[in-house]
Structure formats: structure tokens, C-alpha cells
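Scroll down for the structure; my scribbles are underneath it.
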Amino acid sequence: MKKLYWIETYGCQMNKAESNALIQKMTEYGWEPADTPDQAELVILNTCSVRATAESRVRGRIGYYKSLKKKHPHTLVLMGCMAERLKDTLKAEEPSIDLVVGTFQKEAFLHTVLDPCWESSSSEGLNLEDQGSYRFASKHSLEGEFKAFVPIMHGCNNFCSYCIVPYVRGREISRSPEEIFQELTDLQQKGVQEIILLGQNVNSYRYEGEGILLDFPGLLRRIVKEFPHIGWIRFLTSHPKDLSDEMIRCLEEIPQLCKHLHLPVQHGSSPILRRMNRKYTREEYLDLVEKIRNRIPEISLTTDILIGFPGETEKDFLDTVNLLETVRFDDAFTYYYNPREGTQAYEMEDSVPRSVKLERLGKIIDLQKRIGKENKEQRIGHRVKVLVEEVSKIKNTELLARTERDEMVIVPGPQEWIGKFRWVVLTELKGNTFLGKCV
Ligand code: SAM
Ligand code: SF4
């Protein structure tokens, strides 16, 4: 009989990469994906803990699986950051969960639950061994994909005062170049066109061992030399405090590096940045942006903004508005502050009322929408290279493609173009998406 699984992934790209790795392993062990959750013997929720909203979505799904279980028995497994954060209490609170897999228990999970001899009834009282340190899987993409996530780091040492990540993912470790190159060799052989190197702060990548010392620019230069058939390389995320001159030189000199930099600023007020423990001031961030733009004028800059941090005054907020107006980012992920238990900021008074947080966030979103649109309008008439990703959801004679600056373009064309590079002229802007013509 077929062993069927269902997996739901929440949160960041790292979680997506880890879910892909798990799917690869499950396939090796003879598991197959179910078409709907009610067919599955094993249900896995790969969770996020960065904001309370991410956790409440998962709580909703646990409720759903609890009622589904009455009709269709299955093993419900929680993994990811929420599982790590609440691993001591979650099972008692939510008895419908059979297994909570912490960040450092993933290998034990693979060896026990995915083993062909495993019976779902044996998860009762199962204690997964802690492997002590994080180990990277060997593959993080699914068969047939033409763009692939490649984790190069895990964890974080920065302890931004609002952020739960260092507590649930542990200290930063850099993956060995040997492992990275093995994964890239496989991806290049399969014809993968684009890779996205992942880490909470890729600029602090540093591998020491086997007589070598490699930093992130060094790693990038080796990747482009050894993997010439991978067309585009992206990376996420860059902490502004660690973006070196050598890194800017790489962006300037290496054609395969996409001219897009996600550089989260979080806030526009230096006193707030200090309390966030970001380790740069507003002025230092603005100087960095100027330096990058002087060297690479065509680069697209995007950011994260976190509004409503404890103690944020109207002036601090207006400084953030002013920073957005000054930098004119192409896009921004905008959030309002959620206190996370265990972080430094949790000890500070959450002084900005929710209504004010929402009002300020609304203003930031509207401003950024206007700026993003104005920036995009300047791009009409440009000839750009795109990677074609999928058939458009609106018309099946049109395709959805992405530029190296991470802009979406609709182009008429045959489905055979999917997974291939094409040159297009941007002719019109519809909402956030360009219309393009192949040239
Ligand atoms: N490592 C990345 C960096 O340094 O920018 C960010 C990773 S974090 C998981 C993604 C984003 O979530 C952050 O940039 C921040 O804006 C947001 N975030 C983190 N903690 C938050 C909190 N307590 N409340 C709301 N948003 C938060
Ligand atoms: Fe969180 Fe800061 Fe680490 Fe990013 S750099 S994961 S925001 S602690």
C-alpha cells in the first residue's frame, strides 16, 4: 500500500528549502505526496515563529487536523521554529499533535519516522534524540525545478532585540564549500538556471577548515568560476553592518550576480536602530546606499521595515518616512512589531498602541506603493533579460517571467520557454506587473 504524506510550509525561504529536503528524503524512503490532506497517513506542518500571526495560522491548522483526525486517522508532526520554541509545552496543549520535532532533532525524525518499518501507532511517547548541532541536507530543491534554494548558513548571532530567530535556530554556522559545491554540481547537471543562496546574514559567511578560509565574496567568486552554466545567482539576506566593499565589488564585477540587493533597514531612526541592536545608524545606512548606487547605478534595492517598536515616537516614525522618501526602494516588506517572548525587546514596554502601529504601517505601505510604482514607470522601454517561470494565471498564451531586479513581467510566448532566459522590452505597467514583448 502507498504511504502518503501531506506537508504545509510557513514562513521564510529557509523553511521552504528544508521542506524540499524533507520531501526528497521521504521520496527516497518510498513516501508519496497525497492529493488532499484527508488521504495522508503523515501530516507535517513546517512552522514559523517570527510573528505571532504566523503562529496563530498554524494553531488554526492544528484545529483543522484535530477534527480531520476523527474521520481520517493520521500522524500529525510539527517542525520548524514554532516547534522549537514551544517543544516543551505544545504536545500537552494540543494532544492532537503526535510529534514535535525541534531544530536539532530533524535527523532523528528522518531515521525513525521515515523508516520503512515505522508504524504510525509507534509515535506515542516517542522521544527524538537531539543531534546537538545543525546538519545541512544534501539537496534542497525538487526534481524538475529550474531555480533552486541553496542554504549556505544556518542560525544567527546578531540578536536583534525584537527577533526570535537566534533562539529557535541557534548560533550561526557556515556550510562547508565542499557540501555547497556538491549540491551545485548536481543542480548544474540538471540544468538549473538560477540559484538563491540562503542564510540569515550571508555577509557573515566564513568557513575555516581543510587549510582554507573562505568568506562570502570568496565563495561567490569560486561559484561563478566552477559553475559557469548557472545563469543567475541571488542571495538572501544581507545585514547592512556586514556588507563589505569587496561584496559591492562582487556585485559590480560578476555578471551572473543579479543586480538586486535586499538590504533590510528595519527603521529610519538611529535611537530606535540602537535599541533594535542593529549596529548601524540611519546615516551609516544612507552612506552605504549611496556607495552601492555610485558603483552600481542600475541595482534594485529592497528592504524590510519594522514599525511600532517599543518607544517609537511620531518623530521616529517620520524619520522612517523620510528614509523611504530618500532611498526610494523598489519594494519593501513591511511589518508591525510583535513582542516575542524570550527576546530582549520583550522586556521593554510595548508602548505603541496597536491602532497607532496599524495607522503608521498603513502610511508606510501607501508611501512605498507610490514610490515602487514611480520607480517601475521609469523602466518602461528598457530591454531586459528575464527568466520565464510559469504560464500566466489569466491567459494560457501568456507567460510570467522575472527580471534580475526581481520584477514580474507578462510576455506572450509558448510554454517551451518556461525555465529559459529571454530578452524582452518592457512596454507597459499593469499594477505591479510589467507587460513585455519578446525581442
Ligand atoms: N535576517 C534577516 C535580517 O536581518 O533582516 C531577517 C530575518 S527575519 C526572520 C524577517 C523579518 O521579520 C525581519 O527583517 C523583521 O522585519 C521581521 N521581524 C522579525 N521579528 C519581528 C517581530 N518581533 N515582529 C514583527 N516583525 C518581525
Ligand atoms: Fe533576526 Fe537580526 Fe538575525 Fe535577522 S539578523 S535573523 S533580524 S536576529
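Following our numbering, the residues of the sequence shown are numbered contiguously, the last one being 433.
Glycine included, every Cβ here is placed at the ideal spot set by N, Cα and C.
Model, not experiment: these values are computed from the prediction.
Reference Asp310; option with closest CA among Leu267, Asp82, Ile365, Pro222: Leu267
Within 8 angstroms, strictly: CB atoms of Thr297 and Gly262: no
Nearest candidate by alpha-carbon position, reference Leu420, set Val403, Tyr330, Asp124, Pro408: Val403
Reduced DSSP category for His68 - H, G, I as helix; E, B as strand; rest coil: coil
Straight-line gap, Pro291 to Ile242 (C-alpha atoms, nearest Å): 12 angstroms
Distance CB(Arg216)-CB(Pro171) smaller than 8 angstroms: yes
8 angstroms Cβ cutoff met for Leu192 and Ala11: yes
When Gln176, Gln183, Pro234, Gly205 are compared against Asn197, the one with the closest alpha-carbon: Pro234
Separation of Gly407 from Leu429, as counted between CA atoms: 12 angstroms
Meets three-Cβ-pair contact criterion under 8 angstroms: the stretch 179 to 189 and the stretch 212 to 229: yes
Near the ligand SAM: Pro258 beta-carbon under 7 angstroms from a heavy atom: yes
Beta carbon shell of the ligand SF4 at less than 6 angstroms from a heavy atom: Cys150, Asn152, Phe153, Cys154, Cys157, Val159, Pro160, Gln194, Asn195, His233
Helix, strand or coil at Tyr(-1) according to DSSP, with G and I counted as helix: strand
Residues bridged to Asp208 (per DSSP): Position check: residue 208 holds Leu in this sequence, whereas Asp was assumed. For Leu208, which the question treats as bridged, DSSP gives the partners Tyr201.
For Tyr331, three-class secondary structure by DSSP: coil
Neighbourhood of Glu277 by C-beta, 8 angstroms cutoff - its chain only, sequence neighbours within 5 removed: Ser264
Local conformation of Gly430 per DSSP, three classes: strand
Nearest-angstrom Cα separation, counted from Ala395 out to Lys424: 14 angstroms
Sequence-distant residues of its chain with Cβ nearer than 8 angstroms to Ala339 (five each side left out): Ser155, Tyr156, Arg269, Met270, Phe303, Pro304, Tyr331, Pro333
Spatially closest choice to Ala142 from Asn151, Ser132, Gly149, His148, by CA coordinates: Ser132
Residue from Val144, Phe130, Arg129 whose Cα sits closest to the Cα of Leu136: Val144
Buried or exposed by the 16-neighbour rule on C-beta atoms within 10 Å, applied to Leu352: exposed
According to DSSP, residues forming a beta bridge with Ser345: Per DSSP, none; premise fails for Ser345.
Three or more C-beta pairs below 8 angstroms linking the stretch 24 to 32 and the stretch 198 to 210: no
Helix, strand or coil at Gln99 [DSSP, three-state]: coil
Given Ile293 as reference, the closest of Lys219, Thr397, Glu392, Leu36 once Cα atoms are compared: Thr397
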